[in-house]
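Just so you know, we're using my numbering here: the sequence shown kicks off at 113 and counts up by one. Ideal placement from N, C-alpha and C gives every residue a C-beta, glycine not left out. Okay, structure first, notes after.
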Amino acid sequence: GGVVEVGAHWIHGPSEGNPVFRLAAKYGLLGEKALSEENQLIETGGHVGLPSVSYASSGVSVSLELVAEMARLFHGLIDQTREFLQAAETTPPSVGEYLKEKIRQHMASWTEDEETKKLKLAILKNLFNVECCVSGTHSMDLVALAPFGEYTVLPGLDCTFPEGYQGLTDCIMASLPKDVMVFDKPVKTIHWNGSFQEASAPGETFPVLVECEDGDCFPAHHVVVTVPLGFLKKHLDTFFEPPLPTEKVEAIRKIGFGTNNKIFLEFKEPFWEPDCQHIQVVWEDTSPLEDAAPALHDAWFKKLIGFWVLPPFHRASHVLCGFIAGLESEFMETLSDEDVLRSLTKVLRRVTGNPWLPAPRSVLRSCWHSAPYTRGSYSYVAVGSSGDELSSHVPPLPSRGHGGMLQVLFAGEATHRAFYSTTHGALLSGWREADRLVKLWDPQAQWPEPRL
């Protein structure tokens with residue numbers, strides 16, 4: 113047995129400015145390479161590294177030189193989107209439309225034969241799909257161009273926890289009294305701006321009451337809401353009583369929230385080379401310039417960006433991890449494990465050109481869209497919104513000018529304007545709200561180390 117991350121996979125930007133990295137280092141949870149100064153200084157620009165091998169849907173290998181050329185073009189265009197951060201008005205409105213416009217301009221100077229030009233576009237389509245996974249969206253046409261550069265990339269080559277992310281939460285929780293954590297207790301409604309009582313505290317009233325689905329209730333002075341934005345979007349009308357203020361409701365509705373899933377395939381023997389780390393899959397009949405409706409039933413797997421080779425748990429473990437985002441990812445969740453395994457076996461046999469490639473012996477996948485308490489993976493700034501919505505999602509209730517002590521506070525990745533979609537954004541947002549409460553109760557409080 114080994115550990116696979118069904119949820120968060122990497123520490124993005126593992127360096128001194130990243131609180132997740134600093135805590136992981138403090139608790140001794142990272143490998144030697146991840147801790148090295150060299151690793152912390154690498155500037156990736158937030159771009160996914162080049163594949164070890166690239167397979168085309170016709171069953172041949174794609175030239176890695178051609179893949180690198182298209183990656184340079186695509187990543188350069190992504191970097192250029194930051195120029196629109198302070199722009200008063202941007203046309204086109206989305207990252208996707210901007211990228212396609214620039215690609216059309218670059219195509220005018222391509223001198224290769226038609227087949228090579230088509231392959232270049234297919235590689236670019238794969239890179240669009242990668243960016244959909246990074247942004248947690250179905251299409252880059254849904255991601256707003258002007259605020260896209262507000263997301264901040266930290267230095268450091270992305271790394272993983274050898275024993276899993278849970279090691280970090282276990283270490284953090286170890287400092288808490290054992291009886292303060294309550295699990296398997298879904299919350300139905302958060303009642304606020306009230307006057308509630310607790311039998312164990314006669315005479316004291318509480319402004320907040322957390323009502324659980326099983327009928328149990330927890331009166332409180334404050335509640336910090338950290339649920340995923342997808343859950344909030346679905347339950348906005350029932351989760352808070354009284355309902356949230358209009359400005360906060362509008363902000364929650366405008367912020368984008370999509371799905372990025374993983375599919376793990378376990379093999380008896382590897383079909384890849386020992387030094388292989390990343391397998392790219394390129395579908396030659398696709399192009400980012402064609403806005404065809406997603407063919408979910410027959411071709412959902414074309415949105416899969418490829419596979420990462422997981423470090424072996426033991427000598428006999430050979431596991432690939434594939435990533436897939438968007439509506440195709442959500443459709444995949446409706447299929448059986450057998451259907452997913454059968455489809456991906458066909459894909460691998462097709463792209464490797466080996467019709468006898470042994471099928472994986474098992475499959476495991478995430479289903480973040482259908483998971484009732486997430487309803488997706490992480491947030492992005494959608495067309496029609498800006499970083500202002502991320503900020504509007506933050507202020508606690510009741511709002512200033514309405515009297516009363518802080519009652520409902522909001523944290524989570526979707527409340528961090530620069531680090532949304534990341535674990536370090538989530539952690540920093542939790543510290544932000546904890547600090548807010550500490551300052552409320554003890555304005556003179558001092559922390560042993562500066563907050564990041």
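Subject >> Same chain, Cβ closer than 7 angstroms to Glu440, neighbours up to 5 away in sequence not counted >> reply: Pro406, Leu408, Trp412 and Lys415
**OP:** Tell me where the beta strand (DSSP E) around Val393 begins and ends.
**Re:** His390 to Val394
**OP:** Report buried or exposed for Trp395, applying the criterion of at least 16 other Cβ atoms within 10 angstroms of its Cβ.
**Re:** buried
Subject >> Chain-order list of residues whose beta-carbon lies under 6 angstroms from that of Glu310 (same chain, five-residue window excluded) >> reply: Pro331
Original post:
Do three or more CB pairs link the stretch 269-280 to the stretch 194-210 at distances below 8 angstroms?
Top reply: no
Original post:
Any idea which residues DSSP pairs Tyr167 with across the strands?
Top reply: Ser173 and Val393
Subject >> Beta-carbon gap between Val320 and His303 smaller than 8 angstroms >> reply: yes
Original post:
Can the beta-carbon of Ala363 be found closer than 8 angstroms to that of Ser504?
Top reply: yes
Original post:
Around the Cβ of Ala120, are there at least 16 other Cβ atoms within 10 angstroms (buried) or fewer (exposed)?
Top reply: buried
**OP:** With DSSP as the reference, label Leu564 as helix, strand or coil.
**Re:** For Leu564, the predicted structure reports a pLDDT of 45, less than 50, and the residue's modelled location is therefore unreliable. The matter cannot be settled from this model.
Subject >> Anticipated Cβ contact below 8 angstroms, Thr338 with Tyr492, distance rounded >> reply: That pair is no contact at about 19 angstroms.
Subject >> Pair within 8 angstroms by beta-carbon distance, Lys374 and Gly434 >> reply: yes
Subject >> Inter-residue spacing [alpha-carbon to alpha-carbon] between Ala168 and Gln392 >> reply: 9 angstroms
Subject >> Secondary structure of Gln152, DSSP reduced to three states >> reply: helix
Original post:
Can Leu521 and Arg548 be called in contact, C-beta distance under 8 angstroms?
Top reply: yes
Subject >> Cβ contact (3+ pairs, closer than 8 angstroms) linking the stretch 285-300 and the stretch 437-456 >> reply: no
Subject >> Short Cβ contact (8 angstroms threshold) for Lys232 with Leu178 >> reply: yes
**OP:** Would you give the residue range spanned by the beta strand (DSSP E) that Thr535 belongs to?
**Re:** First-last for Thr535: Thr535 to Trp553, but that is the alpha helix (DSSP H), not the beta strand (DSSP E).
Original post:
Using 8 angstroms as the threshold, is the stretch 455-465 in touch with the stretch 494-502, meaning 3 or more CB pairs across them?
Top reply: no
Original post:
Counting along the chain, where does the alpha helix (DSSP H) carrying Ala137 start and finish?
Top reply: Pro131 to Lys138
**OP:** To the nearest angstrom, report how far apart Gly125 and Val174 are at their CA atoms.
**Re:** 29 angstroms
**OP:** Indicate whether Pro163 and Gly418 have their beta-carbon atoms separated by less than 8 angstroms.
**Re:** yes
Original post:
For Lys366, does the count of other Cβ atoms within 10 angstroms reach 16, so buried, or fall short, so exposed?
Top reply: buried
Original post:
Curious, which full-length beta strand (DSSP E) runs of at least 3 residues does the stretch 425-451 contain?
Top reply: 431-437
**OP:** Quick one: give me the first and last residue of the beta strand (DSSP E) that His303 is part of.
**Re:** Val299 to His303
**OP:** Please check if any C-beta of chain B sits within less than 8 angstroms of the C-beta of His347.
**Re:** The structure shown has no chain B; it contains just one protein chain.
Original post:
Is DSSP giving Ile417 helix, strand or coil here?
Top reply: coil
Original post:
What's the gap between the Cα of Gly180 and the Cα of Lys145?
Top reply: Residue 180 is actually Ala in this sequence, not Gly. So the alpha carbons of these two residues sit roughly 25 angstroms apart.
Original post:
Does the beta-carbon of Tyr485 have 16 or more other beta-carbons within 10 angstroms, so that it is buried, or is it exposed?
Top reply: exposed
Original post:
Rounded to whole angstroms, how far is the Cβ of Gly524 from the Cβ of Pro340, which I believe are closer than 8 angstroms?
Top reply: 7 angstroms
Original post:
For Glu450, which option in Gly488, Leu377, Arg427 and His481 has the closest C-alpha, if you only look at C-alpha atoms?
Top reply: Leu377
Subject >> Residue span of the beta strand (DSSP E) that contains Val336, given as start and end >> reply: Val335 to Val337
Subject >> When Thr223, Ile215, Val255 and Glu262 are compared against Ile198, the one with the closest alpha-carbon >> reply: As written in the sequence, residue 198 is Gln, which differs from the Ile given in the question. The candidate whose alpha carbon is nearest that of Gln198 is Glu262.
Subject >> Nearest-angstrom beta carbon gap, Ile235 and Met182 [assumed within contact, 8 angstroms] >> reply: 4 angstroms
Original post:
How would you call Ile215, buried or exposed, if buried means at least 16 neighbouring beta carbons within 10 angstroms?
Top reply: buried
Subject >> Cβ shell of Val550 (< 7 angstroms), same chain only, five flanking positions each side left out >> reply: Ala557
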